[in-house]
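For the sequence shown, my numbering begins at 9 and goes up steadily by one.
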Amino acid sequence: MRKKGRILLLDDDELIISMLARALRKEGYETQLLYSSVQAVEKIIAWQPDMMLLDIELGEELNGLDILRLLHDENIKFPVVMLTGDDSSESAIRALRYGASDYLHKPFNIEEVKIVVGRILRDARLQDEIAYLKKTNIAALSQNFVGNSPIISKLLQDARRIAEAGVPLVLITGSSGTGKEVLARKIHCWRFAERDDFESIPYIAINCTALPENLIEGELFGHVKGAFTDAKTDKKGVFELADGGTLLLDEIGDMRADLQGKLLRVLEQRTVRRVGGNIDLPIDVNIIVSTNRELRKQVSDGLFREDLFYRLNSFLIDIPPLKERDADVLLLVDYFLQIFAKKYSKQPVTTIAKDAEKLMLDYEWPGNVRELRNMIERCVVMEDTEKLTASCLPLDIGGRQSMAQERRKEFQILLPEEGISLEDVEKELFHLALERTNHNMTRAAKLLKVSYDVFRYQAKKYGLL
Ligand SMILES: Nc1ncnc2c1ncn2[C@@H]1O[C@H](COP(=O)(O)OP(=O)(O)OP(=O)(O)O)[C@@H](O)[C@H]1O
Ligand SMILES: [Mg+2]
Numbered sequence: 009m010r011k012k013g014r015i016l017l018l019d020d021d022e023l024i025i026s027m028l029a030r031a032l033r034k035e036g037y038e039t040q041l042l043y044s045s046v047q048a049v050e051k052i053i054a055w056q057p058d059m060m061l062l063d064i065e066l067g068e069e070l071n072g073l074d075i076l077r078l079l080h081d082e083n084i085k086f087p088v089v090m091l092t093g094d095d096s097s098e099s100a101i102r103a104l105r106y107g108a109s110d111y112l113h114k115p116f117n118i119e120e121v122k123i124v125v126g127r128i129l130r131d132a133r134l135q136d137e138i139a140y141l142k143k144t145n146i147a148a149l150s151q152n153f154v155g156n157s158p159i160i161s162k163l164l165q166d167a168r169r170i171a172e173a174g175v176p177l178v179l180i181t182g183s184s185g186t187g188k189e190v191l192a193r194k195i196h197c198w199r200f201a202e203r204d205d206f207e208s209i210p211y212i213a214i215n216c217t218a219l220p221e222n223l224i225e226g227e228l229f230g231h232v233k234g235a236f237t238d239a240k241t242d243k244k245g246v247f248e249l250a251d252g253g254t255l256l257l258d259e260i261g262d263m264r265a266d267l268q269g270k271l272l273r274v275l276e277q278r279t280v281r282r283v284g285g286n287i288d289l290p291i292d293v294n295i296i297v298s299t300n301r302e303l304r305k306q307v308s309d310g311l312f313r314e315d316l317f318y319r320l321n322s323f324l325i326d327i328p329p330l331k332e333r334d335a336d337v338l339l340l341v342d343y344f345l346q347i348f349a350k351k352y353s354k355q356p357v358t359t360i361a362k363d364a365e366k367l368m369l370d371y372e373w374p375g376n377v378r379e380l381r382n383m384i385e386r387c388v389v390m391e392d393t394e395k396l397t398a399s400c401l402p403l404d405i406g407g408r409q410s411m412a413q414e415r416r417k418e419f420q421i422l423l424p425e426e427g428i429s430l431e432d433v434e435k436e437l438f439h440l441a442l443e444r445t446n447h448n449m450t451r452a453a454k455l456l457k458v459s460y461d462v463f464r465y466q467a468k469k470y471g472l473l
């Protein structure tokens with residue numbers, strides 16, 4: 009059986025602690041006993057306990073408080089519970105000041121000892137977990153949004169301005185794999201990086217489609233006990249959890265209509281009401297909403313509330329597909345080559361052959377940066393090379409590239425003998441733009457450098473919608 013935790017007991021009263029230790033071992037804990045403070049700190053450190061029960065009055069040169077202080081000086085962090093025979097709690101309270109977690113009075117009530125030990129080990133485990141998750145979160149937050157194409161440089165500049173101004177609601181759109189989550193984290197950093205308590209400012213991301221239908225509302229807004237069958241306790245929603253920091257609502261485009269209404273209410277009133285609750289709790293959260301859907305189209309198809317769309321649309325950042333930012337492709341290739349060489353302890357690729365470069369620049373990248381990242385990861389793992397050549401790249405990149413070339417050929421305009429109407433040329437261009445962008449009208453309009461409204465009007469006129 010796995011031990012529940014390692015507990016060290018230090019008391020000069022052998023009888024008392026052997027009795028205590030026996031009770032704890034019965035509960036599944038591993039124990040170690042020390043009866044004297046001589047070289048105690050070295051012994052404690054060597055045994056690496058998960059927690060310690062430490063007598064205050066050791067009747068020796070060093071008492072419990074001295075040991076506590078020495079451990080503190082050594083930066084030893086496990087929880088220590090003081091044992092005291094003193095009726096007044098004075099010295100125990102002093103111990104709490106020095107960092108002890110709790111204290112127990114002699115003579116012991118064994119049941120109380122078991123409860124306290126169980127609680128303290130549980131809390132310590134949670135603290136470790138939180139520290140680990142925070143570290144992972146901070147590592148993710150510090151990831152850079154790589155790109156220096158003119159369009160991305162401008163986008164980053166705008167995003168930074170929006171973040172630093174403290175705009176409380178931002179919409180990020182872009183096809184799958186373009187880096188919406190990376191940008192959301194960047195915005196959080198720009199907004200809060202200056203703060204001393206940056207590491208404790210929450211950044212919470214929730215994928216609005218990844219949760220089962222019956223749970224999503226409770227996850228978003230929280231619930232009170234008994235609000236529905238599974239609501240066994242009160243629960244905070246993500247708006248409350250992210251209070252004072254950033255909340256990313258990912259994949260908002262597919263949110264249920266009734267939840268869209270509730271979300272709009274939260275955004276407008278800046279308060280949240282738990283499911284089944286009757287008080288509105290004020291929230292102070294920077295909300296970033298993201299989607300790979302074209303929200304405008306979702307609105308015209310009756311799938312997304314128009315009022316919510318306008319509310320979200322004031323600060324819109326649209327990340328263009330990778331295909332539209334050639335300058336970033338090679339930069340990202342370099343970046344991922346380095347990252348993965350480090351991750352897999354491989355020699356970094358130092359040169360990229362011209363044929364590989366061309367292949368990658370001609371490619372459509374339907375999966376955007378995510379696809380590029382995965383491809384480079386595969387190359388780094390599978391190849392032992394200092395030079396990346398076309399043959400290192402997965403075959404279908406070549407196959408799809410020739411499709412792209414085919415399409416380009418299709419679109420060579422050959423002016424026929426009898427001439428052609430400009431209108432037909434324009435219609436073909438609109439058709440191609442829609443095809444290229446997977447019917448994303450915002451982007452299609454951008455490709456042809458016309459406004460969204462003009463694009464929509466013309467495309468309708470040509471019967472393309
Ligand atoms: N500009 C960038 N710099 C560095 N890494 C990037 C960049 N853009 C995307 N990535 C990487 O590509 C992958 C996909 O990015 P991300 O998850 O942000 O995409 P997304 O737009 O949220 O996609 P989806 O709509 O599918 O959720 C991640 O591994 C991310 O680290
Ligand atoms: Mg995403």
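All residues carry an ideal CB built from backbone N, CA and C; glycine is no exception.
In the structure shown, T144 falls within a helical segment according to DSSP collapsed to helix, strand and coil. Beyond the five residues adjoining it in sequence on each side, R381 comes within less than 6 Å, by CB distance, of F344 in the same chain, given in chain order. With distances taken between CA atoms, A132 lies nearest to P57 out of P57, L456, C387.
Shown here, K244 sits in a strand according to DSSP, grouped into three states. Here N321 carries a coil assignment [DSSP, helix/strand/coil]. Assignment of R30 by DSSP, reduced to helix, strand and coil, places it in the helix class.
By the neighbour-count criterion, in which 16 or more other beta carbons inside 10 Å mark a residue as buried, F463 falls on the buried side.
If you ignore the 5 residues before and after I291, its C-beta comes within less than 7 Å of the C-beta of F247, E248, D251, R278, T279, V280, all in its own chain and listed in chain order. A straight line joining the alpha-carbon of K12 with that of H80 spans about 25 Å. With fewer than three CB-CB distances shorter than 8 Å, the stretch 308 to 316 does not count as touching the stretch 225 to 232. With respect to the 8 Å criterion, A335 and S208 are not classified as neighbours on the basis of their beta carbons. Here the stretch 54 to 68 lies against the stretch 89 to 107, with 3 or more beta-carbon pairs under 8 Å apart.
Close to ligand 2, as judged by a C-beta nearer than 6 Å to any of its heavy atoms, are the residues K188, E189, D258, in chain order.
Placement of the Cβ of F153 at a distance of less than 7 Å from at least one heavy atom of ligand 1 is found.
Counted as a single uninterrupted DSSP element, the alpha helix (DSSP H) harbouring M449 occupies residues 449 to 455. CA-CA distance, L42 to Y111, rounds to 18 Å. Taken through DSSP and simplified to helix, strand or coil, S308 comes out as helix. In the three-state DSSP reduction, N215 falls in the strand class (E or B). When DSSP states are grouped into helix, strand and coil, S208 belongs to the helix group. Taken from the Cβ of N300, at least one heavy atom of ligand 1 lies inside 7 Å. With a cut-off of 7 Å, the C-beta of V377 is classified as near ligand 1, since at least one heavy atom of the ligand falls inside that distance. By the neighbour-count criterion, in which a residue is buried when 16 or more other Cβ atoms sit within 10 angstroms of its Cβ, N286 is exposed. Counting C-beta pairs with one atom in each stretch, the stretch 180 to 197 and the stretch 298 to 307 have three or more that are closer than 8 Å, which means they touch.
Under the 10 Å beta carbon count, R33 is surrounded by fewer than 16 other beta carbons and is classified as exposed. Separation of L473 and H447 (C-alpha to C-alpha, rounded to the nearest whole angstrom) is 9 Å.
According to the DSSP secondary-structure assignment, P290 is paired through a beta bridge with T279. Across the structure, F116 and V88 are spaced so that their CA atoms are roughly 16 Å apart. Your pair G174 and R199 checks out as a contact, with CB atoms roughly 7 Å apart and the cut at 8 Å. In this structure, the beta-carbon distance from D258 to N222 does not fall below 8 Å. Judged by DSSP secondary structure, V88 falls within the beta strand (DSSP E) whose first and last residues are 88 to 92. The alpha carbon of E82 has as its nearest neighbour, out of R105, E69, I53, L73, the alpha carbon of I53. When the beta-carbon positions are compared, Y460 and T450 come within less than 8 Å of each other. Of the residues I195, K51, G155, the one whose Cα lies closest to the Cα of N376 is G155. The beta carbon of T39 lies closer than 7 Å to those of I15, L17, A29, L32, R33 in the same chain, with the five residues before and after it left out.
Sequence-distant partners of R168 (beyond 5 residues in either direction) whose C-beta falls short of 6 Å from its own C-beta, in its chain, are W198.
Taken from the Cβ of R386, every heavy atom of ligand 1 lies 7 Å or farther away.
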